[in-house]
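Chemist:
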Amino acid sequence: MTGWSCLVTGAGGFLGQRMVRMLVQEKELQEVRALYKVFRPQNREELSNLQTKTKVTWLEGDILDAHCLRRACQGITTVMHTAANISVSASQRETIMDVNLKGTQLLLEACIQASVPVFIYTSSVAVAAPNSYKEIIQNGHEEEHHGTTWTAPYPYSKKLAEKAVLAANGSTLKNGGTLWTCSLRPMYIYGEGSPVLSHLVVETLRNKGVLRGGGKHSEVNPVYVGNVAWAHILASRSLRDPKKAASIGGQFYYISDDTPHQSYDDLNYNLTKKWGFQPDSRQSLPLSLMYWLAFLLEAMSIFLSPIYKYQPPFDRYLLTLTNSVYTFSYKKAQRDLGYKPLNTWEEAKEKTVEWIGSLVEKHNDTT
Ligand SMILES: NC(=O)c1ccc[n+]([C@@H]2O[C@H](COP(=O)([O-])OP(=O)(O)OC[C@H]3O[C@@H](n4cnc5c(N)ncnc54)[C@H](O)[C@@H]3O)[C@@H](O)[C@H]2O)c1
Numbered sequence: 018m019t020g021w022s023c024l025v026t027g028a029g030g031f032l033g034q035r036m037v038r039m040l041v042q043e044k045e046l047q048e049v050r051a052l053y054k055v056f057r058p059q060n061r062e063e064l065s066n067l068q069t070k071t072k073v074t075w076l077e078g079d080i081l082d083a084h085c086l087r088r089a090c091q092g093i094t095t096v097m098h099t100a101a102n103i104s105v106s107a108s109q110r111e112t113i114m115d116v117n118l119k120g121t122q123l124l125l126e127a128c129i130q131a132s133v134p135v136f137i138y139t140s141s142v143a144v145a146a147p148n149s150y151k152e153i154i155q156n157g158h159e160e161e162h163h164g165t166t167w168t169a170p171y172p173y174s175k176k177l178a179e180k181a182v183l184a185a186n187g188s189t190l191k192n193g194g195t196l197w198t199c200s201l202r203p204m205y206i207y208g209e210g211s212p213v214l215s216h217l218v219v220e221t222l223r224n225k226g227v228l229r230g231g232g233k234h235s236e237v238n239p240v241y242v243g244n245v246a247w248a249h250i251l252a253s254r255s256l257r258d259p260k261k262a263a264s265i266g267g268q269f270y271y272i273s274d275d276t277p278h279q280s281y282d283d284l285n286y287n288l289t290k291k292w293g294f295q296p297d298s299r300q301s302l303p304l305s306l307m308y309w310l311a312f313l314l315e316a317m318s319i320f321l322s323p324i325y326k327y328q329p330p331f332d333r334y335l336l337t338l339t340n341s342v343y344t345f346s347y348k349k350a351q352r353d354l355g356y357k358p359l360n361t362w363e364e365a366k367e368k369t370v371e372w373i374g375s376l377v378e379k380h381n382d383t384t
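So the sequence shown is numbered by my numbering: it starts at 18 and just counts up by one.
Below, the structure is given as structure tokens:
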């Protein structure tokens with residue numbers, strides 16, 4: 018494998034930041050180019066703190082700006098496309114579809130024009146499951162052909178974007194070379210810097226240390242952010258290897274790790290109990306009743322839409338997402354990409370718990 022250069026989109030995000038930090042440790046990597054939607058002073062600080070000899074450059078621009086994407090891809094040999102709108106709210110449908118689907122299509126086109134031979138897409142388990150809280154998927158795998166049936170904007174846009182990425186595999190580049198693509202489907206990602214956990218901490222502190230429930234019926238296998246970043250690096254090594262590219266190109270892989278299978282509520286409790294957070298012990302309505310309630314709220318939102326924009330507090334997709342049993346194995350990634358989680362559950366938990374402690378301390382200092 019000779020020298021290579023890598024563009025990371027969504028470089029300012031939770032996963033993108035970790036990918037940049039890990040990439041600069043890669044041998045023979047000549048340049049990491051980080052694409053930010055907005056380049057903030059803290060991004061400058063993060064980049065200047067990277068202890069590396071690798072050239073690190075950055076660009077600011079929107080994934081929907083074709084001109085910016087052409088510039089971003091110039092002279093690059095690998096693209097890791099992690100930028101996305103990760104909102105699961107149905108209210109921003111057009112923006113989510115644009116950023117996640119159109120943005121991915123524009124980036125693929127820019128890669129072809131700039132002759133970038135390797136494209137790795139950060140997809141999501143959401144493109145596969147869950148479809149119903151009554152369905153159980155345990156240790157699901159790629160050969161089972163799971164696919165989301167939701168038309169909610171997040172899973173739908175990610176599903177179509179993944180399809181576009183995998184269909185582009187084998188395309189002819191402007192210089193006559195071949196484009197190799199693959200897609201990684203991480204489970205729910207946790208770890209230091211998670212905006213979801215950061216929000217949960219602030220919300221729980223305001224709620225006198227009582228965690229918001231809502232996901233106690235689920236059983237999932239969340240994945241640590243460092244392990245997801247590592248899977249991207251291994252995928253890029255494989256796609257850059259001429260002996261492996263043809264067999265890995267066009268494939269998708271579930272990315273999980275050895276985090277124990279548990280409910281979302283238990284995960285939140287496991288990561289915060291050291292700081293005195295308590296689970297919500299109140300009784301909740303039966304799931305089937307909540308589901309019907311969600312249906313009524315959605316119907317009301319449609320009914321009112323000509324005169325009033327009503328945003329339901331939850332919908333059937335969100336309820337299903339947070340209350341279903343769906344776990345996936347990483348065996349195919351292990352077999353094809355040589356993926357083995359870098360961090361054990363104990364290490365991942367310890368790092369995340371300590372980071373949560375720093376958030377609690379910061380919050381207590383300012384109140
Ligand atoms: N967080 C999870 O649990 C999870 C699970 C599975 C898959 N994923 C996928 O991982 C990827 C990264 O997610 P994350 O958790 O780091 O989310 P994040 O919101 O922290 O990062 C997404 C990044 O995309 C950028 N972005 C959004 N709109 C953009 C636009 N119009 N132009 C340019 N950049 C834009 C944002 O600025 C942000 O930096 C996403 O593709 C997401 O679908 C996330």
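Beta carbons: idealized from backbone N, C-alpha and C, even for Gly.
Every value quoted in this text rests on a predicted model; they were computed, and no experiment measured them.
Pairs of beta-carbons, one from the stretch 305-317 and one from the stretch 114-123, closer than 8 Å: are there three or more?
Modeler: no
Chemist: With which residues is residue 98 paired in a DSSP beta bridge?
Modeler: Residue mapping note: residue 98 aligns to position 81 of the sequence shown, counting from 1. Answer is 26 and 138, bridged to residue 98.
Chemist: In chain order, which beta strand (DSSP E) runs of at least 3 residues are fully inside the stretch 23-98?
Modeler: Runs found: 46-53, 72-77 and 95-98.
Chemist: Within this structure, are the beta carbons of residue 128 and residue 196 separated by less than 8 Å?
Modeler: Translated into positions along the sequence shown, residue 128 becomes position 111. Translated into positions along the sequence shown, residue 196 becomes position 179. In contact: residue 128 and residue 196 (Cβ atoms closer than 8 Å).
Chemist: Assess contact between the stretch 222-237 and the stretch 96-105, defined as three or more Cβ pairs (one per stretch) separated by less than 8 Å. Is contact present?
Modeler: no
Chemist: Among the residues of its own chain, which have a CB less than 6 Å from the CB of residue 262, if the five just before and after it don't count?
Modeler: For the purposes of this step, residue 262 is taken as the residue at position 245 of the sequence shown. Contacts found: 197 and 256.
Chemist: Checking 8 Å against the spacing of the C-beta atoms, do residue 265 and residue 353 come in under that value?
Modeler: For this step, residue 265 is matched to residue 248 along the sequence shown. For this step, residue 353 is matched to residue 336 along the sequence shown. Yes; because the gap between Cβ atoms is below 8 Å, this pair is in contact.
Chemist: Kindly list the residues whose CB is nearer than 7 Å to the CB of residue 445, restricted to its own chain and excluding five residues on each side of it in sequence; keep chain order.
Modeler: Coverage of the chain is limited to positions 18 through 384, which leaves residue 445 absent and any answer about it impossible.
Chemist: What did DSSP end up calling residue 202 once you bin it into helix, strand or coil?
Modeler: The sequence position of residue 202 within the sequence shown is 185, counting from 1. Three-state result, residue 202: strand.
Chemist: At the level of alpha carbons, what is the spacing between residue 239 and residue 168?
Modeler: Counted from its first residue, the sequence shown places residue 239 at position 222. Counted from its first residue, the sequence shown places residue 168 at position 151. Straight-line Cα distance between these residues: approximately 23 Å.
Chemist: Contact check, residue 150 vs residue 341 under 8 Å by CB: the rounded distance?
Modeler: Counted from its first residue, the sequence shown places residue 150 at position 133. Counted from its first residue, the sequence shown places residue 341 at position 324. That pair is a contact at about 5 Å.
Chemist: To which residues does DSSP link residue 398 through a beta bridge?
Modeler: Here the chain covers residues 18 to 384 and nothing more, so residue 398 does not appear.
Chemist: Report yes if the C-beta of residue 356 is less than 7 Å from at least one heavy atom of ligand 1; otherwise report no.
Modeler: Your numbering for residue 356 matches position 339 in the sequence shown. Residue 356: no, Cβ never under 7 Å from ligand 1.
Chemist: Mind checking whether residue 386 and residue 47 have CB atoms under 8 Å apart?
Modeler: What is shown of the chain runs 18 to 384, which leaves residue 386 out entirely.
Chemist: State the Cα-Cα distance for the pair residue 4 and residue 109, rounded to the nearest angstrom.
Modeler: Here the chain comprises residues numbered 18 to 384, so residue 4 is not present and cannot be evaluated.
Chemist: Closest by CA to residue 234, which one among 156, 301, 44 and 224?
Modeler: Working through the sequence shown from its first residue, we reach residue 234 at position 217. Taking only the C-alpha atoms, the option nearest residue 234 is 301.
Chemist: Helix, strand or coil: how does DSSP classify residue 355 here?
Modeler: Here the question's residue 355 lines up with position 338 in the sequence shown. Coil, per DSSP.
Chemist: For residue 278, which option in 204, 219 and 213 has the closest C-alpha, if you only look at C-alpha atoms?
Modeler: As a position in the sequence shown, residue 278 is number 261, starting the count at 1. With distances taken between Cα atoms, residue 278 lies closest to 204.
Chemist: Could you tell me if residue 213 is buried or exposed, where buried requires 16 or more neighbouring beta carbons within 10 angstroms of its beta carbon?
Modeler: Here residue 213 refers to the residue found at position 196 of the sequence shown. It is exposed - the Cβ of residue 213 has fewer than 16 other Cβ atoms within 10 Å.
Chemist: Which of the three DSSP states is assigned to residue 328 in this structure?
Modeler: Taking the sequence shown and counting its residues from 1, the one referred to as residue 328 is at position 311. Residue 328: coil per DSSP, three-state reduction.
Chemist: Would you mind stating whether residue 370 and residue 32 have Cβ atoms separated by less than 8 Å?
Modeler: In the sequence shown, residue 370 corresponds to position 353, counting from 1. In the sequence shown, residue 32 corresponds to position 15, counting from 1. Their beta carbons are not under 8 Å apart, which means residue 370 does not touch residue 32 by this criterion.
Chemist: Could you check whether residue 330 and residue 318 sit closer than 8 Å to each other, using their CB atoms as the reference points?
Modeler: Numbered from 1 along the sequence shown, position 301 holds the residue referred to as residue 318. Numbered from 1 along the sequence shown, position 313 holds the residue referred to as residue 330. No; because the gap between Cβ atoms is not below 8 Å, this pair is not in contact.
Chemist: Using only the alpha-carbon positions, how far apart do residue 85 and residue 100 sit?
Modeler: In the sequence shown, counting from the first residue as 1, residue 85 sits at position 68. In the sequence shown, counting from the first residue as 1, residue 100 sits at position 83. Cα to Cα, residue 85 sits roughly 14 Å from residue 100.
Chemist: Report buried or exposed for residue 157, applying the criterion of at least 16 other Cβ atoms within 10 angstroms of its Cβ.
Modeler: Along the sequence shown, one-based indexing puts residue 157 at 140. Flag for residue 157 reads buried.
Chemist: CA-CA distance, residue 92 and residue 296?
Modeler: For the purposes of this step, residue 92 is taken as residue 75 along the sequence shown, with counting starting at 1. For the purposes of this step, residue 296 is taken as residue 279 along the sequence shown, with counting starting at 1. Going from the Cα of residue 92 to the Cα of residue 296 covers about 51 Å.
Chemist: So residue 144 and residue 172 are supposed to be a Cβ contact under 8 Å. How far apart are they, rounded?
Modeler: For the purposes of this step, residue 144 is taken as residue 127 along the sequence shown, with counting starting at 1. For the purposes of this step, residue 172 is taken as residue 155 along the sequence shown, with counting starting at 1. Contact holds; Cβ gap of about 6 Å.
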